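Asks:
2 protein chains.
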Amino acid sequence: MEHRIDRIKKQLHAQSYKLTPQREATVRVLLEREEDHLSAEDVYLLVKEKAPEIGLATVYRTLELLSELKIVDKINFGDGVSRYDLRKEGATHFHHHLVCTECGSVEEIVEDLLEDVEKLIQDDWGFKVKDHRLTFHGICRQCQIQEAVTT
Amino acid sequence: MEHRIDRIKKQLHAQSYKLTPQREATVRVLLEREEDHLSAEDVYLLVKEKAPEIGLATVYRTLELLSELKIVDKINFGDGVSRYDLRKEGATHFHHHLVCTECGSVEEIVEDLLEDVEKLIQDDWGFKVKDHRLTFHGICRQCQIQEAVTT
DNA sequence: CTCGGTGCAAAGCCTTTGCATATGC
DNA sequence: GCATATGCAAAGGCTTTGCACCGAG
């Protein structure tokens, strides 16, 4: 974990930004809750536990900054709230998501899966792909089991 | 076009909703601008041209309704505005988008492309896919040409 | 007459911004 | 000391809601 903080610190310094205590606290929360897809408000509340004096605006500004530096990805599942997701170390692509329409759970898929499709897009549409967002909506394994039991 | 209006009328009636003049005007705008990705405000302004008395709230309510009935898809390209896109007739899947980060243009891809990937998701993750959202971010053909010229 | 639909304005959210203060180099 | 970063509160932008009125069956 310290290693990753260090890396981020360097990334910030490279653009002459500072890793202030508030920013570090925010990054730590993101690291601890890497599997989740926290909203700005979620992050704020969690950071507040360790650094009660932090303001919501700072969290927004920090998340915006991290987003610009491609350290986190800003995603939107259509519920009107932005969520922030730490990029996997060394990942060139954004990972995909499985959103369950029954229980709202979000699963991550790290595998690329889109290599062939991207090649097609480049070749057939002449569109130079830089990044992508792929989300599947459906019913997760758990809810399928539930359904089978209840029915 | 009248044919499609009729179909939508039936879909509404089937759920005991009415195709009021306001709703019809809204649907007509969506049909006329099928290639675009209009925001609620865009739709509102266009509808207002033919039916000046309409209110923005009604447009929102209509779009919400059409969205629930799966007649339109609500999408979000991350700019904080919802956009509304008519489903292609008989389409079971949402189509994909190529968003150019240079000029902001949005191209549509009707081809499925994800059959194999969806099969994998079902088989390997046990997730029953109902729908998907796929957006590529990158540089469109036009902007690539521009770049080549300017450089 | 009844109930869904509409228009308007007000309220609600999430997010951004202005500004004075505090902090790090 | 100076520029950057922060906190707070206010402002902003998009969307939803409350409420009285309207209109079709």
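These protein sequence lines are chains F and X, in that order.
In this text, residue positions in the first sequence follow this note's numbering: the first is 1261, and each later residue adds one.
In this text, residue positions in the second sequence follow this note's numbering: the first is 1261, and each later residue adds one.
Glycine is no exception: its CB is placed at the ideal position from the N, C-alpha and C atoms.
Values in this document were obtained by computation on a predicted structure and should not be read as measured data.
Using a Cβ cut-off of 8 angstroms (strictly closer), state whether F:Val1389 contacts chain X.
Replies: Taking the first residue of the first sequence as 1, we reach residue 1389 of chain F at position 129. By this cut-off, F:Val1389 is an interface position.
Asks: Taking Cβ to Cβ, would you say X:His1353 is nearer than 8 angstroms to X:His1392?
Replies: On the second sequence, position 93 is the one that residue 1353 of chain X refers to. On the second sequence, position 132 is the one that residue 1392 of chain X refers to. Contact: yes.
Asks: Show which residues of chain X have a CB atom less than 7 angstroms away from the CB atom of F:Gln1282.
Replies: Locating residue 1282 of chain F in the first sequence gives position 22, counting from the first residue. Chain X residues near F:Gln1282: none, gap ~24 angstroms exceeds 7 angstroms.
Asks: Under the rule that 16 or more other beta-carbon atoms within 10 Å means buried, what is F:His1273, buried or exposed?
Replies: Within the first sequence, numbered from 1, the residue matching residue 1273 of chain F stands at position 13. Exposed, since its Cβ has fewer than 16 Cβ neighbours within 10 Å.
Asks: By the criterion of Cβ-Cβ separation under 8 angstroms, what are the contact partners of F:His1297 in chain X?
Replies: Taking the first residue of the first sequence as position 1, residue 1297 of chain F is located at position 37. The contacting residues do not exist; F:His1297 stays about 15 angstroms from chain X at best.
Asks: Give me the residue from F:Leu1290, F:Cys1363 and F:Glu1294 with the minimum Cα distance to F:Tyr1304.
Replies: To locate residue 1304 of chain F, count along the first sequence from 1; it is residue 44. Closest option to F:Tyr1304, Cα to Cα, is F:Leu1290.
Asks: Taking just the CA atoms, how far does F:Arg1343 sit from F:Arg1267?
Replies: The residue given as residue 1267 of chain F occupies position 7 in the first sequence. The residue given as residue 1343 of chain F occupies position 83 in the first sequence. Between F:Arg1267 and F:Arg1343, the C-alpha separation is close to 22 angstroms.
Asks: Enumerated in chain order, which unbroken segments of the beta strand (DSSP E) with a length of 3 residues or greater are wholly contained in the region 1280-1306 of chain F?
Replies: Runs found: none.
Asks: Would you be able to state if there are at least three C-beta pairs under 8 angstroms between the region 1387-1405 of chain F and the region 1359-1371 of chain F?
Replies: Touching, per the Cβ criterion.
Asks: Output yes if chain F places a C-beta closer than 8 angstroms to the C-beta of X:Val1409; else output no.
Replies: In the second sequence, the residue the question calls residue 1409 of chain X occupies position 149. False, the Cβ-Cβ gap to chain F never drops below 8 angstroms.
Asks: Taking X:Gly1350 as the reference, give the member of X:Val1319, X:Leu1394 and X:Lys1330 with the closest Cα.
Replies: The count along the second sequence starts at 1 and reaches residue 1350 of chain X at position 90. It is X:Lys1330.
Asks: Assuming contact is defined by CB atoms lying nearer than 8 angstroms, are F:Ile1381 and X:Phe1396 in contact in what I supplied?
Replies: On the first sequence, residue 1381 of chain F is found 121 positions in, with the first residue counted as 1. On the second sequence, residue 1396 of chain X is found 136 positions in, with the first residue counted as 1. For F:Ile1381 and X:Phe1396, yes; Cβs fall inside 8 angstroms.
Asks: In whole angstroms, what separates the C-alpha of X:Ala1300 from that of F:Arg1264?
Replies: What you label residue 1300 of chain X is simply residue 40 of the second sequence in a count that begins at 1. What you label residue 1264 of chain F is simply residue 4 of the first sequence in a count that begins at 1. Going by the C-alpha atoms only, they are around 42 angstroms apart.
Asks: Residues of chain F with a CB under 9 angstroms from the CB of X:Ile1399: which are they?
Replies: In the second sequence, the residue the question calls residue 1399 of chain X occupies position 139. The contacting residues are Phe1387, Lys1388, Val1389 and Lys1390.
Asks: X:Ala1317: buried (16+ other C-beta within 10 angstroms of its C-beta) or exposed?
Replies: Along the second sequence, one-based indexing puts residue 1317 of chain X at 57. Counting Cβ neighbours within 10 Å, X:Ala1317 comes out exposed, since fewer than 16 surround it.
Asks: Cutting at 6 angstroms between CB atoms, please list the residues of its own chain near F:Ala1285, excluding the five before and the five after it.
Replies: Taking the first residue of the first sequence as position 1, residue 1285 of chain F is located at position 25. Contacts found: Val1307, Lys1310 and Ala1311.
Asks: Is X:Thr1280 buried or exposed, if buried means 16 or more other CB atoms sit within 10 Å of its CB?
Replies: Within the second sequence, the letter at position 20 stands for residue 1280 of chain X. That one is exposed.
Asks: Looking only at C-alpha atoms, which of X:Glu1378, X:Leu1373, X:Arg1347 and X:Met1261 sits nearest to F:Asp1384?
Replies: Numbered from its first residue, the first sequence carries residue 1384 of chain F at position 124. Checked all of X:Glu1378, X:Leu1373, X:Arg1347 and X:Met1261; the closest Cα to F:Asp1384 is X:Leu1373.
Asks: Counting only Cβ pairs nearer than 9 angstroms, list the residues of chain F close to X:Gly1338.
Replies: As a first step, residue 1338 of chain X must be located in the second sequence, where it is residue number 78. Here the neighbours are Lys1334, Ile1335, Asn1336, Ser1342 and Arg1393.
Asks: So for F:Lys1348, helix, strand or coil by DSSP?
Replies: As a position in the first sequence, residue 1348 of chain F is number 88, starting the count at 1. Three-state result, F:Lys1348: coil.
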